[in-house]
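Beneath this line is the structure, given in structure tokens, with notes to follow.
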Amino acid sequence: MRHLSVPSDQTQVWLERCRAEGWLAPTGVMALENGRRAVPLNEHAPEANDPCWSGLLVVDLEPMTKGPAHWKERLPPALQQLPDETWPSAYEIQGDVLMVKLEEAALAHKKAVGQAMLDQLSSVRLVCADKGVMGDFRVRELEPLAWRGDEPSTQTEIREHGHRILVDPSKVYFSSRLSTQRMETLQQLRAFSNQLGRPLVVADPYAGAGPAFPLLLAEAGLISGMLAGDLNPSAVELLEANLERWTMKRDAPLAPAEVVCEDARAWKNQDRLCGRAHALLVNLPHDSFEHLPDLFPVFDRSNTSLLRGWAIVERDSLPGRTDRLKRLVASAGGTASETHVSEIKGFSTTRCFVVFQTTITWD
Ligand SMILES: C[S@@+](CC[C@H](N)C(=O)[O-])C[C@H]1O[C@@H](n2cnc3c(N)ncnc32)[C@H](O)[C@@H]1O
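Throughout the sequence shown, residue numbering follows the working numbering, covering 4 to 366 in sequence.
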């Protein structure tokens, strides 16, 4: 389609003139590479060599089209006739991977949904049907529906608090819903390190891809060592790749620097994983409290320790949880102070999602 190429500071003048003359096409002004603008012309506009253009060039360009506002408008016309309730109203994006839960009625048209979403969202590379979370590793069963490029891979990269994290929703648990908790962890560990007057050795035996670490590692002088692990081998692979990136620019190497693929409850049987941590993170929400008795051996008992974790608990058990935590610490030979178990809002389950924390002095 013909466009008039104009210096950008003359765009308005030419727009008004073309509109007044009845020469303006409705497709919109486009930016050209050389800082010029292209004003769209209709079939009534004079020929390129007409003196009315004052020597400006008339160029042939694909017109700018404003796409549909919503992915549903990109479905084949016949599908657009189906009731609106057929289609999902929400989806989740991790990096460039979009995951969408489809009800029965939409499942019959899953490929069309995937293609419509892919066409609509230019930053998405892969659209998957999300069939829910599976197994102890709590990873999602994902079915690729539509993608750009070759073989679709679910590995992708997200940004959180300015740090890049490799994730893979089909192989390793990750939830961005805990990102504020991770910032809070940084603040709590910073305060604890100041209280101890030394950098910390942090243990995260349920680390997943390791999202707790980038903030902690980026803080100068906060972390001197790290014990990290997960029972899921794919998680440990990503964790290692992520840690390599996050520790690359450190002046002093971490010591200890252990990354293991182990059941956290078995750490107690390995000397290199015991008696070394100042702070322990416990993020196995369905079983955190049950695992705690096996985890206390990771602490360095010559110092005060900090235990911080997350759990999903029955709402009516919440009032007794703080005492239960204190009793667990006492059975391990410690005294708990500044203990709390607090509900984290925004997790809409009938049970509640809590963060717990206690400072432990050893007898
Ligand atoms: C809720 S996820 C938390 C992952 C990570 N900390 C995060 O915030 O993204 C729990 C993790 O614990 C791992 N896991 C499950 N059982 C485990 C066990 N017995 N020992 C160690 N890791 C385990 C899972 O593979 C999963 O990656």
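Glycine is no exception: its CB is placed at the ideal position from the N, C-alpha and C atoms.
Annotation for Val-62: His-6, Ser-8 place their beta carbon closer than 6 Å to its own, counting only its chain and skipping 5 residues before and after. For Arg-324, the uninterrupted alpha helix (DSSP H) run begins and ends at 321-334, by DSSP. Not one heavy atom of ligand 1 is found less than 8 Å from the C-beta of Glu-243. Residue pairing from DSSP leaves Asn-272 without any beta-bridge partner.
The Cβ-Cβ distance between Leu-298 and Leu-321 does not fall below 9 Å. Restricting attention to beta strand (DSSP E) runs no shorter than 3 residues, the stretch 34-119 encloses them at 39-43, 61-63, 95-97, 100-103, ordered along the chain.
Within the stretch 181-257, the complete alpha helix (DSSP H) segments of 4 residues or longer fall at 182-199, 216-221, 236-250, listed in chain order. DSSP places Glu-293 inside the alpha helix (DSSP H), whose first and last residues are 291-298. Going by DSSP, Leu-18 is part of no beta strand (DSSP E) but of the alpha helix (DSSP H) stretching over 14-24. Using a cutoff of 8 Å, the CB of Leu-230 does not count as near ligand 1, since none of the ligand's heavy atoms is closer than that. In the displayed model, Val-301 falls within a helix according to three-state DSSP. Taking 9 Å as the cut-off, the beta carbon of Glu-146 is found no closer than this to the beta carbon of Gly-135. One thing to note: Ser-340 has its Cβ no nearer than 9 Å to the Cβ of Thr-325. Judged by DSSP secondary structure, Ala-314 falls within the beta strand (DSSP E) whose first and last residues are 308-316.
Around the beta carbon of Gly-38, a 10 Å sphere encloses fewer than 16 other beta carbons of the protein chains shown; the residue is thus reported as exposed.
Here the alpha carbons of Ser-305 and Arg-167 stand approximately 35 Å from one another. In this structure, Ser-11 is the residue among Ser-11, Met-67, Ile-96, Val-100 with its C-alpha nearest to the C-alpha of Leu-59. The beta carbons of Asn-272 and Asp-207 sit no closer together than 9 Å. Distances from the CB of Phe-292 to the heavy atoms of ligand 1 are all 8 Å or more. Annotated three-state conformation of Gln-158 is coil, per DSSP. For Ala-223, the shortest C-beta to heavy atom distance toward ligand 1 is 8 Å or greater. Within its own chain, the residues whose Cβ lies closer than 8 Å to the Cβ of Pro-300, once the five positions on either side in sequence are excluded, are Trp-270, Lys-271, Cys-277, Gly-278, listed in chain order. As DSSP reads the structure, Glu-146 sits in a beta bridge with Ala-132. Restricting attention to Val-204, Pro-80, Gln-13, Lys-104, the CA atom closest to the CA of Arg-275 is found in Val-204. DSSP, read as helix, strand or coil, puts Leu-169 in strand. Taking a 10 Å sphere around the C-beta of Cys-55, we find fewer than 16 other C-beta atoms and assign the residue as exposed.
If the five residues before and after Lys-69 are omitted, its C-beta is found closer than 6 Å to no C-beta atom of its own chain. In this structure, Pro-49 keeps its C-beta atom at 9 Å or more from the C-beta atom of Pro-29. Residue pairing of Leu-287 in beta bridges, as defined by DSSP: absent, with no partner found.
Of the residues Leu-78, Leu-219, Leu-257, the one whose Cα lies closest to the Cα of Ser-182 is Leu-219. Between ligand 1 and the CB of Gly-211, the shortest heavy atom gap is smaller than 8 Å. Residue side-chain check: Arg-268 places its Cβ nearer than 8 Å to a non-hydrogen atom of ligand 1. Residue state for Ala-267 is assigned as helix, using DSSP reduced to three classes. Pro-10 is bridged by DSSP to Arg-39. Taking 8 Å as the cut-off, one finds no heavy atom of ligand 1 near enough to the beta carbon of Val-103. About 5 Å separates the beta carbons of Val-130 and Leu-101, which is inside the 8 Å limit, making them a contact pair.
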